[in-house]
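Note sheet for the following structure.
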Amino acid sequence: MTTYNVSIPDNKDSFFREFLELIGAKYEKKQDTFELSDEQKKILDNQDDFSLSDYEDNDSFVAELKKEYGV
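Mapping of the sequence shown onto the numbering used here: position 45 corresponds to residue 279, and the numbering continues sequentially without gaps.
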């Protein structure tokens, strides 16, 4: 058996699940979520050049952190 890790756009999710069922694949749906703890938020808010309110959307926040730290 071969295993793949894929990301599917939300608007294609039902099609992809139907395809997986059609070919008899076993799958597990995982939703990528990212949540800062209150302590982490306080640490970030205390930095002079960083404002947590600039990052209201978690996805853009994570993308910005990855870009800044080369992850």
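Cβ atoms here follow ideal geometry from the backbone N, Cα and C, with glycine treated the same way. Just so we're clear, the structure is a prediction, and the values are computed from it rather than from any experiment.
Sequence-distant residues of its chain with Cβ nearer than 8 Å to residue i (five each side left out)
i	result
I257	none
Reference residue i; option with closest CA among the options
i	options	result
T236	N245, Y261, S248, E273	Y261
N239	I277, Q265, E255	Q265
CB contact flag (residue i, residue j, <8 Å)
i	j	result
F250	I242	yes
Proximal residues to residue i (C-beta, below 6 Å), its chain only, five neighbours per side dropped
i	result
V296	F268
E302	none
C-alpha gap between residue i and residue j, whole angstroms
i	j	result
E273	N245	35 Å
K275	K300	17 Å
L278	V305	18 Å
N280	L270	15 Å
E255	N292	31 Å
D247	S294	22 Å
May I have a chain-ordered list of the alpha helix (DSSP H) segments no shorter than 4 residues that lie completely inside the stretch 255-285? 272-279
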